[in-house]
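Colleague:
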Amino acid sequence: MNRLKDLPTLRIEPGKKVCLSYKGKSYEGVRGDTIASALYANDVRVFARSLKYHRPRGLYSLDGECSNTMMQVDGVLNVFCENTLAAEGMNIKPQNVLGNADFDLMGFMDKLSFAMPAGFYYKIFHKPAFIWPLAIKQIRKAAGLGKISPDFRIKGNYDEIYPSADVCVAGGGPAGMCAALAAAQKGLRVIILEARPWLGGFFDYRPGIWHDDILLYQRAEELARQVKDHPFIRVFTNTYLTGVYSNDLVTAFCQGSKEDCFTQRYVEIRTKTIIGAAGCIERPLLFENNEKPGVMQPGCAHRLARTWGLLPGKSAVFSIGHDLGIEAAVDLFDLGMEIQCVADVREHGQDFNLAGELEKRKIPYYPGWTAVCAQGWKGVKKVRISSINGKHEKSFDCDILAASAGMTPVTGPLTLAGAKLEYDNHTGFFLPGHLPDKIHAAGRMLGLNNPLSIEASGTLAGLKAAADCGIPLESEIIDASDELAELPGPEMGSRFVCAPVGGKKTFICFDEDCTLKNIDQAMKDGFDVPELIKRFTSAGTGPGQGGIPGHNLPLYTANTQVSPDNSPKPTTVRTPLVPPYLAAYAGFARDMSKRTPVHESQEKSGGKMERIGVWNRARRFADDESARMEIENVRNNVGMLDASTLGKFRIFGPDALKALERVYVSSMAGVKQGRIKYSAMCNEDGCVIDDGVVTKCGENDYYLTTSTGRAGVTSEWIRFHTRYDNWDFNIVNLTDAFGVINLAGPNARKVLEKVTDADVSDTGFPFSGYREFLIQDTIFVRAMRLGFVGELSYELHVPSSYMQSLWDILQQAGKEFGIENFGLEAQSTLRMEKGHVILGSESEQRTTLHDIGLGFLWHQDKPEAKTIGAPALAQTKDQKGRLKLAGFKAESLETESIKDGSPIVDTRIRGYVCTARYSWTLKQSIGMALVDDELAAENTRLGIYEDGCNGELKYARVVPMPFYDPQGQRMRM
Numbered sequence: 001m002n003r004l005k006d007l008p009t010l011r012i013e014p015g016k017k018v019c020l021s022y023k024g025k026s027y028e029g030v031r032g033d034t035i036a037s038a039l040y041a042n043d044v045r046v047f048a049r050s051l052k053y054h055r056p057r058g059l060y061s062l063d064g065e066c067s068n069t070m071m072q073v074d075g076v077l078n079v080f081c082e083n084t085l086a087a088e089g090m091n092i093k094p095q096n097v098l099g100n101a102d103f104d105l106m107g108f109m110d111k112l113s114f115a116m117p118a119g120f121y122y123k124i125f126h127k128p129a130f131i132w133p134l135a136i137k138q139i140r141k142a143a144g145l146g147k148i149s150p151d152f153r154i155k156g157n158y159d160e161i162y163p164s165a166d167v168c169v170a171g172g173g174p175a176g177m178c179a180a181l182a183a184a185q186k187g188l189r190v191i192i193l194e195a196r197p198w199l200g201g202f203f204d205y206r207p208g209i210w211h212d213d214i215l216l217y218q219r220a221e222e223l224a225r226q227v228k229d230h231p232f233i234r235v236f237t238n239t240y241l242t243g244v245y246s247n248d249l250v251t252a253f254c255q256g257s258k259e260d261c262f263t264q265r266y267v268e269i270r271t272k273t274i275i276g277a278a279g280c281i282e283r284p285l286l287f288e289n290n291e292k293p294g295v296m297q298p299g300c301a302h303r304l305a306r307t308w309g310l311l312p313g314k315s316a317v318f319s320i321g322h323d324l325g326i327e328a329a330v331d332l333f334d335l336g337m338e339i340q341c342v343a344d345v346r347e348h349g350q351d352f353n354l355a356g357e358l359e360k361r362k363i364p365y366y367p368g369w370t371a372v373c374a375q376g377w378k379g380v381k382k383v384r385i386s387s388i389n390g391k392h393e394k395s396f397d398c399d400i401l402a403a404s405a406g407m408t409p410v411t412g413p414l415t416l417a418g419a420k421l422e423y424d425n426h427t428g429f430f431l432p433g434h435l436p437d438k439i440h441a442a443g444r445m446l447g448l449n450n451p452l453s454i455e456a457s458g459t460l461a462g463l464k465a466a467a468d469c470g471i472p473l474e475s476e477i478i479d480a481s482d483e484l485a486e487l488p489g490p491e492m493g494s495r496f497v498c499a500p501v502g503g504k505k506t507f508i509c510f511d512e513d514c515t516l517k518n519i520d521q522a523m524k525d526g527f528d529v530p531e532l533i534k535r536f537t538s539a540g541t542g543p544g545q546g547g548i549p550g551h552n553l554p555l556y557t558a559n560t561q562v563s564p565d566n567s568p569k570p571t572t573v574r575t576p577l578v579p580p581y582l583a584a585y586a587g588f589a590r591d592m593s594k595r596t597p598v599h600e601s602q603e604k605s606g607g608k609m610e611r612i613g614v615w616n617r618a619r620r621f622a623d624d625e626s627a628r629m630e631i632e633n634v635r636n637n638v639g640m641l642d643a644s645t646l647g648k649f650r651i652f653g654p655d656a657l658k659a660l661e662r663v664y665v666s667s668m669a670g671v672k673q674g675r676i677k678y679s680a681m682c683n684e685d686g687c688v689i690d691d692g693v694v695t696k697c698g699e700n701d702y703y704l705t706t707s708t709g710r711a712g713v714t715s716e717w718i719r720f721h722t723r724y725d726n727w728d729f730n731i732v733n734l735t736d737a738f739g740v741i742n743l744a745g746p747n748a749r750k751v752l753e754k755v756t757d758a759d760v761s762d763t764g765f766p767f768s769g770y771r772e773f774l775i776q777d778t779i780f781v782r783a784m785r786l787g788f789v790g791e792l793s794y795e796l797h798v799p800s801s802y803m804q805s806l807w808d809i810l811q812q813a814g815k816e817f818g819i820e821n822f823g824l825e826a827q828s829t830l831r832m833e834k835g836h837v838i839l840g841s842e843s844e845q846r847t848t849l850h851d852i853g854l855g856f857l858w859h860q861d862k863p864e865a866k867t868i869g870a871p872a873l874a875q876t877k878d879q880k881g882r883l884k885l886a887g888f889k890a891e892s893l894e895t896e897s898i899k900d901g902s903p904i905v906d907t908r909i910r911g912y913v914c915t916a917r918y919s920w921t922l923k924q925s926i927g928m929a930l931v932d933d934e935l936a937a938e939n940t941r942l943g944i945y946e947d948g949c950n951g952e953l954k955y956a957r958v959v960p961m962p963f964y965d966p967q968g969q970r971m972r973m
């Protein structure tokens, strides 16, 4: 199709070609085309087939208001082609067709519409009962528009950003831009979200007069220039608002172009105030075959010509209910399109100047008339119009019917923000009766149509938003309100809904093939409010999210039902307003893990890094999965483990001890300076949730460690359980501020003595001791002497910025003693040989302190502390029938270890293996298991089932723990 040229409103670059593939053929568009406009330029008129009846569907709107142009693009299903930019090499396929869109073999379904009344799923397939399992398979096959391949993997880059702003403006039209400028000029940060690829709204493509001989599109260009040049305004184009939530949260997604680094980008905005300026869409006119290819909105026809240089067809009939429709007819006539007539559902209220323009061009004008039927097979060939009372009728041959009953405000962002809509008889709109605090509306969505009024309303909304942010603007707001009041106010809108037709093929919802006849059937069945009718008929539940039926359904229901209250009631709007890809929510496949201060150093040393919880940690330092060399080196020489992920906290203040007594099961009053105390925390059920050590650093000042998993919640846990006591204490999370090195092995003291002048002998720094000293007279260390791995061991806590230096110092000092790194795998085996538990590995959600043999930690004589879980611990102390922790040794001496998680069975499942490893120290497979308490007795034989053993059990014997050095002599060396 030949393009219109030299139009100042064009958004295409005719000299730059873009080739698409459709139906196995190559089609040529130009840069700036959407997929739909490129195909339309190549005479493609049927884009898809409808959901139930497989009726042909064509270009109707240009903003994704229905599923008419949803197609498969490069393997991605359900792409709105009318607002997706065309790109070189795109492969386009129609959906929901058997054959192709022009000749769909399933088209016979249209003849069976009589067999699918409203709610027929509910009425037909439930009796007799055996029918439903058969019917549901066929219904599921027919549901949906596209068929996804199980092997399909979406391509592209998907990411997310989290900007913040003082003001967020939904809509980049004249009202939105004026609002943004008004707020930004007060020094506020403003974000504009605009769905189209450019700013301008309904000014962008119109050649009408704005003011003083300045044209509307010129005014749009000027406002857009001011917005883009303002340093405090950030513009997101090609961006669709998806939700507005509490706590000032606005979500959206950006559709990327070829120049962008993303395919889709999720945007989550924190803002102080929100301005809704999303404008209006056209309300569909209801008549027979109102969704046939060739029927489109007047705005769609006008924008095709002015934005993409495409005359919609050769000859058109306009059936409209607003002045923009007359304006479009006049402009398209001037651009070379034959206009057969303009039928206007309004009998009065038109702009007489525009009506005069029709008369000048000798275009027949019929006020009080409407289209009643579009005739033709796959497209419009003839249109019948009628007076709204149905008494007079005319026919016109044409290939385009531009039809609209009026305008519909885009109030979705406001309703999601909590605004309640009420029907306004003057404008015919659902308008917010009361806006929540810090939510404002501007522009056409208020019923304004005068360009100056629209801009003035935006300026007023921007000033109010600025006032919400604490800027005193009372006088300016009053002046802006007075200025708006002097300009033309909201215009009278059309309440007309339906032509005088039967409704058999009059579609109120294109997505779900829902007709007026279906709505009548639902009301006859007793569904008397739009919200219920919507559910029973599925009207408005399709991909367009109510864009087509959202306004007409309440109006039609109110006009036709017999009810004492016939005022129109809107249906509920829910998120997302526009659906993004799930990939956009997922973003990049980033590993959002944390790294310790010596992460890179461990990688260079051959560390096999794995994601462990929120951290990246070294599992081992060799290919041997059993980490034998690391284990033996700790047992015989000395090793270093990066334990920086431990939770580390300082708690201080007059009531710090009371807080510790509340959450720890032991008596913390006995914690002394220079010593550490091991204890555990339980929940209210007595189930153990954490363990760690506590030391006293000074008067009412304590330092404590927790497990890695509880590092992020311990401070909140303590605050929560002391919230009503009015205690005076403070707790600081030092997990990221401090790193930890575990120096362990028989030569650990020798290494430490080389780098410090402090007395680290067994008498100067005994087991369970705590000391503070300097390494090489520089690095301040908080040191604890522990025995988690069963050997002489020091935990060295240092500020994170010193971790790498200390790591290097210890490596250099330990060379002569055979120092090596060891990872989590070696630590797990070492601590298991010693019988030390890791909560989460040797416990589960139901495991109490008694079940894992740590009941001795519970100090029963401190009832005044109201220790969390103490009542439950008392009740479960001698409770039978519970899983108990038991150590076991495998009867077989094979080096293959028993698998973690394996069930323990006899005639039934009696427990499971928590952790099991082959002990190179003991030359035998050992492990710990939670088993029925009657199996926890020493020397009990356990049968262990493993996959891949052909049903043959492995056997083990319950033995006392610890397995290694039961007297604890080695860690007290």
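Anchor point for the sequence shown: position 493 equals 493 in full-length UniProt numbering, and the numbering is continuous, going up by one each time. The beta carbon of each residue, even a glycine, is placed where N, CA and C say it ideally should be. Bear in mind that the values here come from a model prediction, so they are computed numbers and not experimental data.
1) Buried or exposed for Y724, going by 16 or more other Cβ atoms inside 10 Å?
2) So does the segment 439 to 449 actually touch the segment 457 to 473, counting three or more Cβ pairs closer than 8 Å?
3) Which ranges would you report for the alpha helix (DSSP H) in the segment 629 to 691 if only whole runs of at least 4 residues count?
4) Measuring alpha carbon to alpha carbon, tell me which residue in V501, E359, G309, V167 is nearest E327.
5) Buried or exposed: where does D334 fall if 16 or more other Cβ atoms within 10 Å of its Cβ makes it buried?
6) Where A890 and I926 are concerned, what is the direct C-alpha to C-alpha distance, given to the nearest angstrom?
7) Please determine, among I852, R710, F888, the residue with the shortest C-alpha to C-alpha distance to T876.
8) Look at G493 and T415 and say whether their C-beta atoms are less than 9 Å apart.
9) In the DSSP assignment, what are the bridge partners of Q264?
10) Note down, in chain order, each residue of its chain lying with its Cβ closer than 8 Å to the Cβ of E896, except the 5 sequence neighbours on either side.
11) Since R535 is in the alpha helix (DSSP H), which residue starts that stretch and which ends it?
12) Compare the Cα-Cα distances from N78 to each of K815, V578, Y912, R31 and report the closest residue.
13) Which ranges does the alpha helix (DSSP H) cover as unbroken runs of at least 4 residues, wholly within the segment 356 to 420, from first to last along the chain?
14) Thinking just about the alpha-carbon of each residue, which of G526, G470, A461 is nearest to the one in I478?
15) Just to confirm, is the Cβ distance from N68 to E288 under 9 Å?
16) Mapping DSSP to helix, strand and coil, what is I809?
17) Hey, quick one: how far does the beta strand (DSSP E) through C168 stretch, first residue to last?
18) Work out the CA separation of T537 and W132 for me, nearest whole Å.
19) Tell me, to the nearest whole angstrom, how far the beta carbon of T273 is from that of K438; I am working on the premise that it is less than 8 Å.
20) Is it the case that the Cβ atoms of P409 and P174 are separated by a distance below 9 Å?
21) Starting from E483, follow the alpha helix (DSSP H) in both directions and report where the run begins and ends.
22) Going by CA-CA distance only, name the one from N950, K362, C398, S601 that's closest to A374.
23) Quick one: using the 10 Å Cβ neighbour count with 16 as the cut-off for buried, is M832 buried or exposed?
24) Alpha carbon to alpha carbon, how far is Y703 from A656? Give it in angstroms, no decimals.
25) Could you tell me which residues DSSP puts in a beta bridge with F430?
26) How far does the beta strand (DSSP E) with I924 in it reach, from first residue to last?
27) Under 8 Å by Cβ, that's how I've got D932 and T915 pegged, so tell me the actual separation to the nearest angstrom.
28) If you draw a straight line from the C-alpha of A417 to the C-alpha of S902, how long is it?
29) From which residue to which residue does the beta strand (DSSP E) around P554 run?
30) Is the Cβ-Cβ distance between G546 and P490 less than 9 Å?
31) Assign A890 to one of three DSSP states: helix, strand, or coil.
32) Give the secondary structure of M337 by DSSP, where H, G and I count as helix, E and B as strand, and everything else as coil.
33) By the three-class DSSP mapping on this structure, what secondary structure does E842 have?
34) Which two residues bound the contiguous beta strand (DSSP E) that contains N742?
35) In the DSSP output, which residue or residues are listed as bridge partners for A184?
36) Put C280 into one of helix, strand or coil per three-state DSSP.
Modeller: On the basis of the coordinates in this document:
1) Counting C-beta atoms within 10 angstroms of its own C-beta, Y724 has fewer than 16 neighbours from the protein chains shown and is therefore classed as exposed.
2) Counting Cβ pairs under 8 Å, three or more are found: they touch.
3) List check, alpha helix (DSSP H) in window: 656 to 663.
4) Out of V501, E359, G309, V167, the CA that lies nearest to the CA of E327 is found in E359.
5) D334 comes out exposed.
6) Looking at the two C-alpha atoms, the distance is approximately 6 Å.
7) For the residues I852, R710, F888, the minimum Cα distance to T876 belongs to I852.
8) Against a cut-off of 9 Å, the Cβ pair of T415 and G493 comes out as no contact.
9) BP columns for Q264 point to Y158, Q255.
10) So the qualifying residues of the chain are Y918, S925.
11) Note, R535: alpha helix (DSSP H), 530 to 537.
12) Its Cα nearest to that of N78, the residue V578 stands out among K815, V578, Y912, R31.
13) Counting only runs of 4 or more, we get 412 to 416.
14) In this structure, A461 is the residue among G526, G470, A461 with its C-alpha nearest to the C-alpha of I478.
15) In this structure, E288 does not lie closer than 9 Å to N68 by Cβ.
16) Of the three classes helix, strand and coil, the one that applies to I809 here is helix, per DSSP.
17) It spans 164 to 170 - the beta strand (DSSP E) in which C168 sits, taken as one unbroken run.
18) The alpha-carbon atoms of W132 and T537 are separated by roughly 19 Å.
19) Right, their Cβ atoms sit about 4 Å apart.
20) Taking 9 Å as the Cβ cut-off, P409 and P174 do not qualify as a contacting pair.
21) Going by DSSP, E483 is part of the alpha helix (DSSP H) stretching over 474 to 486.
22) It is C398.
23) The residue in question, M832, is buried, as its Cβ has 16 or more Cβ neighbours within 10 Å.
24) If you take the alpha carbons of A656 and Y703, they lie about 11 Å apart.
25) According to DSSP, residue pairing for F430 in a beta bridge involves Y423.
26) Residue identity check: residue 924 is Gln in the sequence provided, not Ile. It spans 924 to 932 - the beta strand (DSSP E) in which Q924 sits, taken as one unbroken run.
27) Rounded to the nearest angstrom, the Cβ distance from D932 to T915 is 19 Å, too far for a contact under 8 Å.
28) Their Cα atoms are separated by approximately 51 Å.
29) That residue, P554, is in no beta strand (DSSP E); its alpha helix (DSSP H) goes 552 to 560.
30) Contact flag unset, no.
31) Strand at A890.
32) Of the three classes helix, strand and coil, the one that applies to M337 here is coil, per DSSP.
33) Coil at E842, not helix or strand.
34) Annotation: the continuous beta strand (DSSP E) that includes N742 extends over 738 to 744.
35) In the DSSP output, where bridge partners are listed per residue, A184 has none listed.
36) C280: strand per DSSP, three-state reduction.
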